[in-house]
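Worksheet: the structure to be examined is printed underneath.
Residue numbers (UniProt numbering): 1 to 148.
Right under this line is the structure:
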C-alpha cells in the first residue's frame, strides 16, 4: 500500500516519473537521479516499508530475489565488472522508504571501499563484548521480531 507523500511510492505507482528498469507486485527498480556511477539503480519494495526491519518477513526473500536479479542485470547490461549493493536504515536514508542501491563497479573506478572511515576494536575483549551484545539481542531469534 502506498504511503501518502512518499516519493518512492509515487514512482512505484506511476504518479511520479522515474526511469524504471523493472517493476512487479514485489518491487520497483529505477535509476537513482544522483548516481554514484551511471546505471546506479535503486530497488524499492512495492508496498511501503520505511526500513528493512519494517518489511514483513514473508516479503524479505522475494524482495532480495529482485535485488539479486537487478545486480546481475546491471553487470550484464552495462558490462560492469561487479556491483556495490548497499542499504541504509534511518541514518543517511534520504527517502524514508526502504531501498537498496545497486551501483555498477569496475576496477580502478575511483570508488574506495566503504564511504566512511574504518575503526578497530581495542582488542579481543572489546570485540567479544560487542559480539555478546548482538548475540543477546538475537536470542531467542524470531524472524518476526522487530526493533524500534
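Ideal Cβ positions, reconstructed from N, Cα and C, are used throughout, including at glycine.
Euclidean distance between Cα positions of residue i and residue j
i           : j           : result
residue 9   : residue 41  : 16 angstroms
residue 34  : residue 62  : 27 angstroms
residue 27  : residue 47  : 8 angstroms
residue 123 : residue 111 : 29 angstroms
residue 58  : residue 88  : 21 angstroms
residue 118 : residue 93  : 20 angstroms
residue 21  : residue 29  : 6 angstroms
residue 109 : residue 68  : 22 angstroms
residue 2   : residue 121 : 42 angstroms
As assigned by DSSP and simplified to three states, the class of residue i
i           : result
residue 77  : helix
residue 23  : strand
residue 131 : helix
residue 4   : coil
residue 137 : helix
residue 125 : helix
Counted within 10 angstroms of its Cβ, other Cβ atoms place residue i as buried (16 or more) or exposed
i           : result
residue 66  : buried
residue 53  : exposed
residue 49  : buried
residue 71  : buried
residue 39  : buried
residue 74  : buried
residue 127 : exposed
residue 131 : exposed
Residue i vs residue j beta-carbon contact at 8 angstroms
i           : j           : result
residue 15  : residue 31  : no
residue 149 : residue 105 : The structure shown has nothing for residue 149, since the chain only spans 1 to 148.
residue 98  : residue 55  : yes
residue 12  : residue 44  : yes
residue 7   : residue 100 : no
residue 76  : residue 51  : no
residue 36  : residue 85  : no
- Task: Give, in chain order, every unbroken run of the beta strand (DSSP E) that is at least 3 residues long and sits entirely within the UniProt domain "HIT" (7–112).
- Result: 20–23, 27–31, 41–45, 82–86, 100–105
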